[in-house]
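Residue numbers (the numbering used here): 642 to 827.
Even glycine gets a Cβ: it sits at the ideal position worked out from N, Cα and C.
Note that the structure is a prediction, hence the values are computed from the model and not measured.
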């Protein structure tokens, strides 16, 4: 696989699972925008350990700082863009699909109820907490990317080559659909 693939969508729709599965299927490197952002948080003196770090007080503090200073997102996106444009990677990113014309862009979608249930199960939290976290993350991302880049994260899906609604599908079914779709257009 010479092309890069980017997987995007709202929080807790299965982006990481699909991206890792695609990377394994096509024998390319997997990169997470969130993991690189955690490295940047570490550089700022935070200790971003664990998958649910973003939902801790420290994680939320970093995200609040990030909202006030666009340098974090700009630096992250510049780094991801270089890696993406070199080809042969699968990246999870909220922004890259709108910043590049090349490669294969996948949007995973789900109802808010489905995302809430996925996060509740995955992160072992209450339904109310999962609902609030997924809603807050989505709303903040939408505002941030509109401010930084001028695109409508979520409503504007015109940049995507593949769209998969993950409601009522198992992780395997979503991955199988993504693999099949990528094979059809690559």
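Quick check on the DSSP output: the alpha helix (DSSP H) that includes residue i runs from which residue to which?
i, result
"residue 754", "753 to 764"
"residue 726", "712 to 727"
"residue 820", "812 to 826"
Here's the rule I'm using: 16 or more other beta-carbon atoms within 10 Å means buried, otherwise exposed. How should residue i be labelled?
i, result
"residue 714", "buried"
"residue 826", "exposed"
"residue 707", "buried"
"residue 760", "buried"
"residue 652", "buried"
Assuming the contact rule is C-beta atoms closer than 8 Å, residue i and residue j should be a hit. Round their C-beta distance to whole Å, please.
i, j, result
"residue 794", "residue 735", "6 Å"
"residue 647", "residue 746", "5 Å"
"residue 751", "residue 808", "5 Å"
Cutting at 7 Å between CB atoms, please list the residues of its own chain near residue i, excluding the five before and the five after it.
i, result
"residue 782", "735 and 794"
"residue 664", "670, 671 and 731"
Have a look at the options and flag the residue whose alpha-carbon is nearest the alpha-carbon of residue i.
i, options, result
"residue 810", "758, 776 and 786", "758"
"residue 650", "823, 723, 732 and 768", "732"
"residue 790", "693, 740 and 696", "740"
"residue 654", "691, 667 and 775", "775"
"residue 748", "754, 755 and 738", "738"
"residue 673", "751, 742 and 720", "720"
Spatial neighbours of residue i within its chain, please: C-beta separation below 8 Å, excluding the five flanking residues on both sides.
i, result
"residue 683", "689"
In the DSSP assignment, find the beta strand (DSSP E) that holds residue i and state where it starts and stops.
i, result
"residue 782", "First-last for residue 782: 768 to 790, but that is the alpha helix (DSSP H), not the beta strand (DSSP E)."
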